[in-house]
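Protein chains: 2
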Amino acid sequence: MSSKILIVGAGAIGGFYGALLARSGAEVSVVCRSDYDYVRRHGFEIDSHTLGRWRFRPAQVLRQAGDYRDCADYLILCSKVVADIDRVGLIREGLAGKTAIAFIQNGVDIEAELLSAFPDRVLISGLAYICCNRVAPGRIKHLAYGKLTFGALTPDAAGLGQRLGDLFAAGGADCEISRDIVASRWQKCVWNAPFNPLSVLSGGLATQAILQSQEDFVRDIMQEVCRIASASGHPLPGDTVDLNIERTRHMPPYKTSMLLDFEHGRPMETEAILGNAVRAAQRLNVETPRLQALYALMRLRELQIRENRAPQ
Amino acid sequence: MSSKILIVGAGAIGGFYGALLARSGAEVSVVCRSDYDYVRRHGFEIDSHTLGRWRFRPAQVLRQAGDYRDCADYLILCSKVVADIDRVGLIREGLAGKTAIAFIQNGVDIEAELLSAFPDRVLISGLAYICCNRVAPGRIKHLAYGKLTFGALTPDAAGLGQRLGDLFAAGGADCEISRDIVASRWQKCVWNAPFNPLSVLSGGLATQAILQSQEDFVRDIMQEVCRIASASGHPLPGDTVDLNIERTRHMPPYKTSMLLDFEHGRPMETEAILGNAVRAAQRLNVETPRLQALYALMRLRELQIRENRAPQ
Numbered sequence: 011m012s013s014k015i016l017i018v019g020a021g022a023i024g025g026f027y028g029a030l031l032a033r034s035g036a037e038v039s040v041v042c043r044s045d046y047d048y049v050r051r052h053g054f055e056i057d058s059h060t061l062g063r064w065r066f067r068p069a070q071v072l073r074q075a076g077d078y079r080d081c082a083d084y085l086i087l088c089s090k091v092v093a094d095i096d097r098v099g100l101i102r103e104g105l106a107g108k109t110a111i112a113f114i115q116n117g118v119d120i121e122a123e124l125l126s127a128f129p130d131r132v133l134i135s136g137l138a139y140i141c142c143n144r145v146a147p148g149r150i151k152h153l154a155y156g157k158l159t160f161g162a163l164t165p166d167a168a169g170l171g172q173r174l175g176d177l178f179a180a181g182g183a184d185c186e187i188s189r190d191i192v193a194s195r196w197q198k199c200v201w202n203a204p205f206n207p208l209s210v211l212s213g214g215l216a217t218q219a220i221l222q223s224q225e226d227f228v229r230d231i232m233q234e235v236c237r238i239a240s241a242s243g244h245p246l247p248g249d250t251v252d253l254n255i256e257r258t259r260h261m262p263p264y265k266t267s268m269l270l271d272f273e274h275g276r277p278m279e280t281e282a283i284l285g286n287a288v289r290a291a292q293r294l295n296v297e298t299p300r301l302q303a304l305y306a307l308m309r310l311r312e313l314q315i316r317e318n319r320a321p322q
Numbered sequence: 011m012s013s014k015i016l017i018v019g020a021g022a023i024g025g026f027y028g029a030l031l032a033r034s035g036a037e038v039s040v041v042c043r044s045d046y047d048y049v050r051r052h053g054f055e056i057d058s059h060t061l062g063r064w065r066f067r068p069a070q071v072l073r074q075a076g077d078y079r080d081c082a083d084y085l086i087l088c089s090k091v092v093a094d095i096d097r098v099g100l101i102r103e104g105l106a107g108k109t110a111i112a113f114i115q116n117g118v119d120i121e122a123e124l125l126s127a128f129p130d131r132v133l134i135s136g137l138a139y140i141c142c143n144r145v146a147p148g149r150i151k152h153l154a155y156g157k158l159t160f161g162a163l164t165p166d167a168a169g170l171g172q173r174l175g176d177l178f179a180a181g182g183a184d185c186e187i188s189r190d191i192v193a194s195r196w197q198k199c200v201w202n203a204p205f206n207p208l209s210v211l212s213g214g215l216a217t218q219a220i221l222q223s224q225e226d227f228v229r230d231i232m233q234e235v236c237r238i239a240s241a242s243g244h245p246l247p248g249d250t251v252d253l254n255i256e257r258t259r260h261m262p263p264y265k266t267s268m269l270l271d272f273e274h275g276r277p278m279e280t281e282a283i284l285g286n287a288v289r290a291a292q293r294l295n296v297e298t299p300r301l302q303a304l305y306a307l308m309r310l311r312e313l314q315i316r317e318n319r320a321p322q
């Protein structure tokens with residue numbers, strides 16, 4: 011019997027990875043709000059630089075998780091992690107029987123909210139290393155990368171995590187199981203913490219230009235993230251900063267997710283990426299003046315956006 | 011015999027203070043480039059919230075200092091301190107006989123360039139605490155404050171500095187002689203270093219909003235400036251940060267000079283205010299991670315402006 015999967019938050023990430031799972035033979039349903047009408051009628055059109063073009067027609071297209079009339083093996087949360095999205099509320103009504111919860115989301119220290127809301131569920135934490143954009147309603151363009159990393163958050167999650175990874179691999183994803191998914195989150199934060207805010211605060215520079223102009227500053231920010239990771243008991247390899255710099259040097263000029271959100275007037279993952287890192291540092295007595303500065307500046311930038319939007 | 015004064019860089023600051031000197035009876039000429047035609051015909055119209063409205067007709071209106079056919083007692087440089095303005099070149103041809111050089115300019119560590127170019131001249135360093143804008147060609151609106159601080163940079167400058175201060179006072183300026191003008195520059199930098207870049211990097215917030223949202227961050231930046239001042243042998247009073255915060259709290263919401271430059275597409279005094287502070291800190295082995303972050307971010311912001319302007 012094929013696995014039943016409910017994707018909650020089927021934007022670019024959720025739509026793309028849902029489409030991969032469907033290719034593996036799973037029965038994939040989606041909760042998608044903004045493109046509901048279009049996706050219900052036409053499904054998703056996927057255009058991947060590695061896997062080609064195809065149409066993904068979900069088993070059910072829903073406005074909210076509570077409308078799901080089945081019992082999913084996996085509910086996969088793919089929303090952004092921002093203040094005005096209630097992650098627990100989004101998924102609660104979509105859970106039944108032994109549904110395991112997985113999330114493919116950015117940020118550090120984002121597990122506790124779900125662990126405490128659903129103490130009896132299997133929880134799997136996931137990270138996507140991908141560049142894919144929603145270019146029109148229901149149309150997703152996969153531009154680069156695509157690796158997934160999953161890790162068990164609850165003691166009983168390892169087997170289910172492995173099985174989910176196998177499904178993704180069968181659908182064409184490069185999928186890896188991490189034995190320390192919390193370290194993997196810090197590892198991803200090493201890149202996100204400098205490049206996401208710098209791309210916004212610079213007024214829209216691509217990663218290449220940032221690196222060429224301010225490599226020392228980028229390295230210093232990365233080191234601060236490494237120090238928090240170590241203090242939190244999840245030390246990263248000694249060459250982490252060098253590898254991130256080298257990798258970025260050989261990436262094509264790239265607009266970060268935060269910059270894309272900024273340019274489209276969408277909320278940014280400032281708290282998930284920077285706020286949580288700064289709060290962890292404070293809890294652990296790690297000095298992170300540069301991360302604090304970036305966080306304060308992003309807060310000011312967001313305040314200005316709100317002021318600009320409010321009627322004068 | 012009335013004093014002869016040549017103002018070089020007669021924008022808002024130069025025009026306003028030149029007008030005050032003319033009120034004191036001095037014979038004031040100006041070098042002004044962008045508004046040359048208008049000012050030559052009509053002079054300046056000054057509209058001051060404390061001193062009223064009047065017209066200031068300079069003795070000579072010149073395109074460049076070399077056109078001055080007299081021997082000034084004082085040449086007062088009022089240009090901005092930015093990379094594409096050659097301060098030495100701007101004034102060299104306007105000097106004759108015993109002309110003393112004064113400058114009313116922002117920034118720290120901006121003295122050396124003039125001291126080494128003109129080793130035999132009397133040099134007076136000045137700071138303006140004023141909010142005044144050029145609202146149209148030759149029209150200057152004085153909105154708030156206005157205090158000047160002068161100090162001698164060369165051993166023989168004290169008497170001439172005092173006399174210049176007296177002239178300004180006679181013209182209606184609140185003018186003070188500083189016994190340590192280098193400390194006064196650091197003192198002003200305590201305010202400029204946070205509020206100027208934060209107003210730009212936030213996308214245009216006024217000082218009030220910055221302070222209300224990120225007071226701790228502002229204080230930390232101010233403390234870094236105080237530490238550089240101390241290390242450079244010009245310690246500031248212990249209550250400097252508190253006083254600056256209190257003063258800002260009671261200011262009307264205020265757009266910084268850097269924000270005004272940014273909004274009008276003019277070069278910003280990033281190097282004079284932040285770059286020089288960071289370089290002084292490095293020379294003196296003072297840790298200033300927040301100033302470094304602001305400097306790096308302003309450099310990125312300026313890079314983005316240049317990229318945006320360049321043909322694609």
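Residue numbers (the numbering used here), protein chains in the order written: chain A, 11 to 322; chain B, 11 to 322. No residue lacks a Cβ here, since even glycine has one placed at the ideal position from N, Cα and C.
query, result
"Answer with buried or exposed for residue 98(B), where buried requires no fewer than 16 other C-beta atoms within 10 angstroms of its C-beta.", "exposed"
"State the Cα-Cα distance for the pair residue 52(A) and residue 17(A), rounded to the nearest angstrom.", "17 Å"
"When burial is assigned at 16 or more other CB atoms within 10 Å of the CB, is residue 63(B) buried or exposed?", "exposed"
"Any contact of the stretch 203-214 of chain B with the stretch 151-171 of chain B, i.e. 3+ C-beta pairs under 8 Å?", "no"
"Run through chain A and tell me which residues come within less than 8 Å of residue 133(B), C-beta to C-beta.", "Neighbours of residue 133(B) on chain A: none; closest Cβ ~35 Å, over 8 Å."
"Residues in the same chain with beta-carbon distance under 6 Å from residue 234(A), minus the five sequence neighbours each way, listed in chain order, please.", "298, 300, 301"
"Residue 152(A) lies in the beta strand (DSSP E); which residues open and close that run?", "149-162"
"Quick one: which unbroken beta strand (DSSP E) runs of 3-plus residues sit fully inside the stretch 66-112 of chain B? Chain order, please.", "84-87"
"Please return the same chain residues whose Cβ sits closer than 6 Å to the Cβ of residue 22(A), not counting the five positions on each side in sequence.", "142, 143, 144, 150"
"Could you give the DSSP three-state label for residue 198(A): helix, strand or coil?", "helix"
"Starting from residue 223(A), find everything on chain B with Cβ-Cβ shorter than 7 Å and list it in chain order.", "309, 310, 313"
"Hey, quick one: how far does the beta strand (DSSP E) through residue 390(A) stretch, first residue to last?", "Missing from the structure shown is residue 390(A); chain A here goes from 11 to 322 and no further."
"By how many angstroms is the C-alpha of residue 178(A) removed from the C-alpha of residue 26(A)?", "11 Å"
"Within 10 angstroms of its Cβ, does residue 293(A) collect 16 or more other Cβ (buried), or is it exposed?", "exposed"
"Mind pulling the chain B residues with CB within less than 9 Å of residue 208(A)?", "306, 307, 310"
"May I ask you to list the residues that DSSP assigns as paired with residue 139(B)?", "157(B)"
"Just reading off the alpha helix (DSSP H) that residue 236(B) is part of, what are its end residues?", "217-241"
"Per DSSP, what kind of secondary structure is residue 39(A) in: helix, strand or coil?", "strand"
"Against residue 300(A), what residues of chain B qualify as contacts under a CB-to-CB distance less than 7 Å, listed in chain order?", "299, 303"
"Consult DSSP for residue 121(A) and reduce its assignment to one of helix, strand or coil.", "coil"
"Within 10 Å of its beta-carbon, does residue 83(A) have 16 or more other beta-carbons around it, so buried, or fewer, so exposed?", "buried"
"Do residue 81(B) and residue 107(B) have their beta-carbon atoms positioned less than 7 Å apart in this structure?", "yes"
"Between residue 28(B) and residue 66(B), which are expected to be in contact by the criterion C-beta below 8 Å, what is the C-beta distance as a whole number of angstroms?", "7 Å"
"At what residues does the beta strand (DSSP E) containing residue 15(A) begin and finish?", "14-18"
"Determine whether the beta carbon atoms of residue 136(B) and residue 114(B) lie at a separation below 7 Å.", "yes"
"May I have the straight-line CA-CA distance separating residue 182(A) from residue 157(A), to the nearest angstrom?", "10 Å"
"Using DSSP with H/G/I as helix, E/B as strand and the rest coil, what is residue 131(A)?", "coil"
"Using three-state DSSP, classify residue 275(B) as helix, strand or coil.", "coil"
"Pairs of beta-carbons, one from the stretch 192-202 of chain B and one from the stretch 117-125 of chain B, closer than 8 Å: are there three or more?", "yes"
"From the beta carbon of residue 211(B), is the nearest beta carbon of chain A less than 7 Å away?", "yes"
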